[in-house]
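Worksheet: one structure, shown below.
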Amino acid sequence: LRAQGLPRAQHAPRTMELLRLVGLEAAAQRSIISLSGGEQQRISLARALAPRPRALLLDEPFSAIDAERREELRRYLLRIQRELRIPIIFVTHSQSEALSISDRIVLLHKGSIVESGAPQDLYLQPKTAQAARFLGRANILPAIAIGLARKNQVLIRPEHLQFCGKGPFIKGKILASHYRGAWYEYDIETEYGLVGAYDFASKKKPDGQAVSLSVRQYHFLNE
Numbered sequence: 005l006r007a008q009g010l011p012r013a014q015h016a017p018r019t020m021e022l023l024r025l026v027g028l029e030a031a032a033q034r035s036i037i038s039l040s041g042g043e044q045q046r047i048s049l050a051r052a053l054a055p056r057p058r059a060l061l062l063d064e065p066f067s068a069i070d071a072e073r074r075e076e077l078r079r080y081l082l083r084i085q086r087e088l089r090i091p092i093i094f095v096t097h098s099q100s101e102a103l104s105i106s107d108r109i110v111l112l113h114k115g116s117i118v119e120s121g122a123p124q125d126l127y128l129q130p131k132t133a134q135a136a137r138f139l140g141r142a143n144i145l146p147a148i149a150i151g152l153a154r155k156n157q158v159l160i161r162p163e164h165l166q167f168c169g170k171g172p173f174i175k176g177k178i179l180a181s182h183y184r185g186a187w188y189e190y191d192i193e194t195e196y197g198l199v200g201a202y203d204f205a206s207k208k209k210p211d212g213q214a215v216s217l218s219v220r221q222y223h224f225l226n227e
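Counting in this note's numbering, the sequence shown runs from 5 upward without gaps.
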């Protein structure tokens, strides 16, 4: 604050304003070494906001923080963006972070832009298989679109496959299951190769069970 030439009388009010933004008003009198890792990261964010920047660039700011603290910091970051209304460029390798906090995502690979767009558009309607796979588990299956002269690939997200629903069906056999808390993730062997499907039923399906999966939603890829 001194470096900005802010009068001494304004140091304390500005400091408290910044601490309020990051939810640390109660820690105003504490030493930095007494703060948790997540709290120290919030102090770093407050420091970055001190000069009233017109934009903020954050390069993987949550990478060294545990999952619970990362979720907390995401909420504060969204709160800051809403209050200050400044653009924030957020660099991350975490798909869940990108999807949950972004208004627009730009996918980069080896320094080049692969694709960009709104999170929901990129997740549900990507142009390429590369973008589809980057943003989460993706079933990329061969398909023929009626009326088109070339073969296509179709994207089916695991949550868009339903066990024993209405057709069209994909038949297969369960190879393995993974408990995810609110759902089970299944690896299923089909004639098209390995397919992933989510099931929110409370009871686990046994490995080796033959299953039929109906397709509730799909998207044709350009490449």
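Heads up, the beta-carbon is just placed ideally off N, CA and C, and yes, glycines get one too.
Is the beta carbon of residue i sitting closer than 8 Å to the one on residue j?
i	j	result
A186	R161	no
A31	E43	yes
I69	L61	no
V110	Q134	no
K131	N226	yes
I84	L25	yes
L159	I144	yes
Q129	H223	yes
S218	Q166	yes
Go ahead and pull the three-state DSSP assignment for residue i.
i	result
I174	strand
I105	helix
H223	strand
E195	coil
A122	coil
Q213	coil
A205	coil
L111	strand
H97	coil
P130	coil
L23	helix
P17	helix
L139	coil
I84	helix
P146	strand
Between residue i and residue j, what straight-line distance do the alpha-carbon atoms span, to the nearest angstrom?
i	j	result
A201	R46	38 Å
Q157	R58	43 Å
Y80	F138	26 Å
R184	D63	29 Å
S38	A102	31 Å
L112	L88	27 Å
G176	I192	6 Å
P146	S40	50 Å
L53	Y188	42 Å
S67	R220	35 Å
D211	Q99	29 Å
R34	K207	49 Å
R73	I90	23 Å
H164	E29	44 Å
G27	T194	50 Å
T96	T19	28 Å
I209	L23	As written in the sequence, residue 209 is Lys, which differs from the Ile given in the question. So the alpha carbons of these two residues sit roughly 49 Å apart.
C228	G121	In this structure the chain extends from 5 to 227, so residue 228 is not present and cannot be described.
R108	P55	25 Å
R51	F94	17 Å
Does residue i pass the burial test, meaning 16 or more other C-beta atoms within 10 Å, or should it be called exposed?
i	result
P65	buried
I178	buried
L82	exposed
F204	exposed
A180	exposed
P17	exposed
I174	buried
I105	buried
L198	exposed
A71	exposed
A214	exposed
Q. If you scan the region 28–72 from start to end, which runs of the beta strand (DSSP E) of 3 or more residues do you find wholly inside it?
A. 60–63
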